[in-house]
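Chemist: Chains as they are written, first to last, in the working numbering: chain A, 2 to 366; chain B, 1202 to 2517. Just so it is clear, CB atoms sit at the ideal spot from N, CA and C, and this is done for glycine as well. Dumping the structure here so I can ask a few things about it.
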């Protein structure tokens, strides 16, 4: 039988003869699997079988939608645009004169009032519009190992950072376009007491970045507590006014682990986005975090957006278990739920009209 | 023996006298132009000399270029594997596409992902295929090793004896000695056989699967014929053809040192990998070794066919390319415009690239990003799915044949789904529709019909027995002497039952050992035991009666004796006896028996005309008297009773096993045996025949002119043992023999006699054909010595010429087979295989048009067609027989008009039961296949439910299939079992071979090999249907999946400045297609089951959905695309609106999109699936879990990896937020609603037949039966309608059946009182 290997039927080598077949008997095993008789659920989608699903979806989605909508509506959110496009805007002047390397900050102040008190913790965001942080080449323009404290990458930034990898000969830390274009406006919030005094509202810059980013992904180079020494031999990004080790005085928030920097480095998904700037902690249960009244927002206007018709905003918002204010999800749930319910009714009618006939569909008489 | 030497002497004298084979130097070239020609073409021949013989010094020069016997079927070696395999793999377009993408990603300006990431798909595909290739190659390597290290006994010059060597060391020119049952290591010229007649038997089962023995002869005229050959003494120089793959041809000559040339032919060649049987020792010289052997050269790889669905698929892949280009262009233009509107922005990396150029770069980037749109992985998946489908087809126990212990063989691996789309079926008749178990039924001799009534009854009994047994008769092949003795009584009717009774238990006792069957094909007891006709027996008895000398009676008797003589010897049957398996038992012939018997001699003389006396051979001495006495005493002893005809020889004669190349031959030999005319043995030069009452006679075999399909006959030339005349016995198709039979005028004395015989025989032949019997005519011719010698010269010349041998042999045969005397004709019955009518009926119901192409007579064909319900009694039969092309043309037109007229008449009448059936004969077919008539022919054939082409040649068969396939653009299936069907099987879209009695040629060239015709039913209706719908659905799903996912990326471009960015980690992006969503569609493609097998078998109509490509129409494709578009819109924009303006970062935005895309894709499959088993559940849930756990783990451990889109913390955070789940749930539900709704509405309002059948599956058995019946009633009505539609549309296949049940229901109910 050896020579039977020259038999073309074996030679083609593909005949998937299962191992089960022994030499003496090639009879296939009579198993449910091999004979394709595995017990199976055969879903036949007809109006009759599908309509319960539609009703169930409708009945589940509508309450969820209402819940979401109510939750979203309970969120207090206040937004103020300080781009200064109009000549009347307080920040118009600042927006006109722009240079990345202005040494003297241009400041402007915006007054606004809150009609409702903000009860729980308030999150203060800055928002940018028409800012394509998600541009492919922009997104790529960073060096994660450098940011993770890798000494080697500190000295030799990845070529992804080009053309922001080196300034003259010195490597830029942090390198890349993202870091280079970091948002650098400073925002201060004052509560204008009815008696006219301005009380600065304490803004917490702690915990504005993700825990994993702050503690795992971003690290200062070396174990050197002296950041100046650690960043020795590197250059600051071109658009920055101060080097990275002078971003903050707090040692825990300086260098690569500066939370403002980390937040900026997490590139936004869409051209209109907000980023967490500060958190206003609730002091106690008695007083609201931000009471009703007048406020002043003092902006140190550094960041240019006019060139690409961008907008800058400040957003004050409380959050819920579903995140920030967004009525869309609630409305969408309600709509989908209603549509499902409606379709369920339609199917019910169709089922009554055709279904009974269908049961005898193959029997014309 | 004496005679044998004499012939050889004569022959040698003859050739040396003419000098035909003397040295070319002394030979004038004019008489051998062939030889001369060949010498001028040295490149086309090879010379072989013995390695250790006298030509040793030349040996190395000559055989330098010849291959050794080592074989290597592997494609790669260890070193070359990687480069070679890569080279091979990059021949595929799909891989080139991947490679192109990888290269593109290396261009810095268009780089979309990290370099390694774009390489992943390519690497994965390459590795998977490389592993598969490596394993296959390793298996081949192991096989090669095993083969190469086989041991053969090879003559060693050093040791002066035969030593054991590995096969791989055998070289051309080596002498190899083989014993019985050894496998032949290389193609060798047979130089010596231990058989005294210089023959040897080989079994070619390993080569072509034929299990019968083939006889090979020692090269004639070697000096050391009888003593064991000593290689040193072999001085011959062998000239032969260069290696080629023609198994049945070998030409060359041996030139002896004396410059005498001996012709070589195929019968001298022992082929590699055949087995030596029945011969103790053979010695041969290797002429072709290793890869140059015929066996290896015939070894071709698997067939590659492209299925219809795949062609459709390629079109849609092109559409995907178009879509891709459109999307990339959109993005590119968008990017250019976006850039030109921006002046300066901190997020822009300023370089001096113009917006237009940036757009151009982006185009290529987008091609990388959206690469998934081209479903390259689909090709790999399709292959995997087909392998899975084939696994299930091969494991179907319904295709298992217990008798042969064989399953279905799937030889083509990539056309499973074509099985579900067959529209035309072309079937061979013999062996395909019928058993090809030829059983002698009746005969006519000299114009007298012998109806063999007992034989008919006997066959009926067997038939019943068969049905009762279920197991076939093959196991009975070794019935012992006991049943033989029973058979000898079988003239009495009562003995019939006796026989069956005794035959039965014996079979029961025998353990079922299927191998037995293979040992002796064509010899089940049904075929072997022929009950003789009483009248004929009586007449044969006359041989012993005093009336023996009556002129007329004895005249007839000579016919009868000659007739059976012809049956017994005019064949190539190999005889062996079961006691010594596969060992020929040729009893030595005592010379006394050869001496003639006066009376008998006279008898033959009378018939053979007076020439005999003139040429009494010189050796015919001895005492006739003594023989006469012997004869008569013997006759008395055995007392020629009818009952003992079968075992007329020694009592308890050992049973003989006849192994024939065709079953007809075996049947005839068995028939002759029943009348005491037994073939007892065969050697090259002799046939040992036992004649009634005369004992064994050695018949000197002079020539065999083998059967071929052009001559349609075979002849043997023998020297008659009794009259010593040279007699030609011819056996062949009735049409040719009747023409060749001498015309009454030429014969002087027997003119009236012959004329009468001819007339009567023709009448009987027609009767036989009407009965569905296969007919063969038997004729003989007595040659005068001079005549014979003249012919012999031509024949010898033809045999020994190297070029044009076939033509010369044919010419020589034609020269001999003229003016023959018709003896009679036989009718052989070939039973229908079981369940053939049911199968044909089911296939016709399934909308498959069945054509039968047969070489049989028209009447036989029609008869069989009726028997297998291809034709119904109500059918209008259109017969087309015409002699000229003009006639054919008018006939076709007439028939068409006729058909159209009748159809118009029938238009309103509901006479569905009758259709048209066309019967065409071979001659007419020839005309009809010509260019100007074939359209007419096809048009006509389309009106017919069945077409039968009889008397068709293999070439015509393939022409018909090709015509129908190409002109009508339909899917064709050809099924056949014999070598004559091979061309047809190869031409058809799907070729099915029946592994039956006639060897393996059909199987070897087929795509699927089954053992019974009835298997076709399940193969097409169930597996074909499943495979098609599974694969079609899977392909659509694949397209959907890719488009849906890729569009998500596309929509994002509108929000990232058309910059080619993606919102997903690139690993997840690549793995999404490669890992997370790859297994479910595979399972879907392998296991999905829309309707149960039972229902599919019972409702053949369901097959039509595949025929009309219902599951995969262009409209379905575009509908699926549209759905994919919608789903991707939902899947993108719900998260978009939910997160717009929030602080979500790139990956946090992508995370819910990805997750919901995965859920949508998986649930979409649940909606599309027709059946879900626990395997589906495991794979679906597994895929989802895999995705979520992968992203989760990835987001926790990947700190700096995957730089631009580092996922650290993203998914962990996302999955801890309610918002994520809220978005996913909404997206998933909203995306799937339309499809769910569409299915629900479609299935409710206008359910397809398939769906209705699936619904039936869910009822309990009683309901199921009821509904099944009602369905069939409905369908009967539907057929009325569809038939009418066919008539109006010319070529269109009716694709209206989809809606028909509905229509019927609507207006059929009131207006059809028939059913209510």
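I need the boundaries of the beta strand (DSSP E) containing residue 2052 of chain B, first residue and last residue.
Modeler: 2050-2054
Chemist: If you draw a straight line from the alpha carbon of residue 2538 of chain B to that of residue 2049 of chain B, how long is it in whole angstroms?
Modeler: Outside the displayed span of chain B (1202 to 2517) sits residue 2538 of chain B, for which this structure offers no information.
Chemist: Going along chain B, which residues have a C-beta under 8 Å from residue 95 of chain A?
Modeler: The premise fails here: residue 95 of chain A is roughly 17 Å from chain B at the closest Cβ pair, so nothing lies under 8 Å.
Chemist: Output yes if chain B places a C-beta closer than 9 Å to the C-beta of residue 348 of chain A; else output no.
Modeler: Yes, contact with chain B.
Chemist: Taking C-beta to C-beta, are residue 174 of chain A and residue 219 of chain A nearer than 9 Å?
Modeler: Their beta carbons are not under 9 Å apart, which means residue 174 of chain A does not touch residue 219 of chain A by this criterion.
Chemist: Under 9 Å, Cβ to Cβ, is there at least one residue of chain B near residue 325 of chain A?
Modeler: At a cut-off of 9 Å, the C-beta of residue 325 of chain A has a neighbouring C-beta in chain B.
Chemist: Nearest CA to the CA of residue 1323 of chain B: which residue from B:1581, B:1563, B:1391?
Modeler: B:1581
Chemist: Kindly list, in the order they appear in chain A, the residues whose Cβ is closer than 8 Å to that of residue 2215 of chain B.
Modeler: Within chain A, no residue comes near residue 2215 of chain B; the closest Cβ sits about 17 Å away, beyond 8 Å.
Chemist: Tell me, please, whether the CB atom of residue 17 of chain A is closer than 9 Å to any CB atom in chain B?
Modeler: Note on residue 17 of chain A: pLDDT 35, under 50, position unreliable in the model; the coordinate value appears next. Answer yes: the Cβ-Cβ gap between residue 17 of chain A and chain B drops below 9 Å somewhere.
Chemist: Any chance the segment 1542-1551 of chain B sits against the segment 1295-1314 of chain B, with 3 or more Cβ pairs inside 8 Å?
Modeler: no
Chemist: For residue 1907 of chain B, which of helix, strand or coil comes out of DSSP?
Modeler: strand
Chemist: Report the three-state DSSP secondary structure of residue 2206 of chain B (helix, strand or coil).
Modeler: Coil.
Chemist: Within the segment 114-158 of chain A, note down every full alpha helix (DSSP H) run reaching 4 residues or more, in order along the chain.
Modeler: 137-141, 145-148, 152-156
Chemist: Which whole-angstrom value describes the C-beta separation of residue 2408 of chain B and residue 2396 of chain B, a residue pair presumed to lie in contact below a C-beta threshold of 8 Å?
Modeler: 5 Å
Chemist: According to DSSP, simplified to helix, strand and coil, what is residue 295 of chain A?
Modeler: strand
Chemist: Which whole-angstrom value is the C-beta distance of residue 1634 of chain B and residue 2069 of chain B, which I expect to be below 8 Å?
Modeler: Separation of the CB atoms of residue 1634 of chain B and residue 2069 of chain B is rounded to 6 Å, and the pair is thereby assigned contact status at 8 Å.
Chemist: Which of the residues in the segment 244-278 of chain A, read from start to end, lie with their CB under 9 Å from any CB of chain B?
Modeler: 264, 267, 268, 269, 270, 271, 272, 273, 274, 275, 276, 277
Chemist: Shortest alpha-carbon distance to residue 332 of chain A belongs to which of A:31, A:36, A:72?
Modeler: A:72
Chemist: Out of B:1906, B:1532, B:1403, B:1507, state which residue places its alpha-carbon closest to the alpha-carbon of residue 1384 of chain B.
Modeler: B:1403
Chemist: Cα separation between residue 2484 of chain B and residue 2147 of chain B?
Modeler: Low per-residue confidence applies at residue 2484 of chain B: pLDDT is 40, beneath 50, and the placement is therefore not dependable enough to give any value.
Chemist: For chain A, check one thing: does any of its Cβ atoms lie closer than 9 Å to the Cβ of residue 1675 of chain B?
Modeler: Only weak support exists for where residue 1675 of chain B lies, its pLDDT of 35 falling under 50; the value from the coordinates is given anyway. For residue 1675 of chain B, the answer is no, since every Cβ of chain A falls outside 9 Å of its Cβ.
Chemist: Exposed or buried, residue 1909 of chain B, counting other C-beta atoms within 10 Å across all chains shown (16 or more means buried)?
Modeler: exposed
Chemist: Kindly say whether residue 333 of chain A, judged by its beta-carbon, lies nearer than 9 Å to any beta-carbon of chain B.
Modeler: yes
Chemist: On the premise that residue 1594 of chain B lies in contact with residue 1609 of chain B, defined as a C-beta separation below 8 Å, what is that separation, rounded to the nearest angstrom?
Modeler: 6 Å
Chemist: Taking one C-beta from the segment 1552-1568 of chain B and one from the segment 2283-2290 of chain B each time, how about it: are there three or more such pairs within less than 8 Å?
Modeler: no
Chemist: Any beta carbon from chain B within less than 9 Å of residue 77 of chain A's own beta carbon?
Modeler: no
Chemist: Please name the residue, chosen from B:1870, B:1905, B:2124, that lies closest to residue 2056 of chain B on a Cα-to-Cα basis.
Modeler: B:2124
Chemist: Tell me whether residue 2460 of chain B is buried or exposed, calling it buried when 16 or more other Cβ atoms sit within 10 Å of its Cβ.
Modeler: exposed
Chemist: Drop a sphere of 10 angstroms on the beta-carbon of residue 2455 of chain B, count the other beta-carbons inside from all chains shown, and report buried for 16 or more, exposed for fewer.
Modeler: buried
Chemist: Quick one: which chain B residues come within Cβ less than 9 Å of residue 337 of chain A?
Modeler: 2427, 2430, 2431, 2434
Chemist: For the alpha helix (DSSP H) containing residue 1732 of chain B, name the first residue and the last one.
Modeler: Annotation: residue 1732 of chain B is outside any alpha helix (DSSP H) and is labelled neither H nor E by DSSP.
Chemist: Per DSSP, what kind of secondary structure is residue 1609 of chain B in: helix, strand or coil?
Modeler: coil
Chemist: Take residue 2353 of chain B as the anchor and find which of B:2324, B:2378, B:1260, B:2393 has the nearest alpha-carbon.
Modeler: With distances taken between Cα atoms, residue 2353 of chain B lies closest to B:2393.
Chemist: What's the call for residue 1304 of chain B, buried or exposed, on a 16-neighbour Cβ count within 10 Å?
Modeler: Exposed is the call here.
Chemist: Might you give, ordered along the chain, the residues of its own chain that have their beta carbon closer than 6 Å to the beta carbon of residue 1535 of chain B, omitting 5 neighbours on each side?
Modeler: 2259
Chemist: Note down, in chain order, all residues in the segment 279-313 of chain A with a beta-carbon under 7 Å from any beta-carbon belonging to chain B.
Modeler: 308, 309
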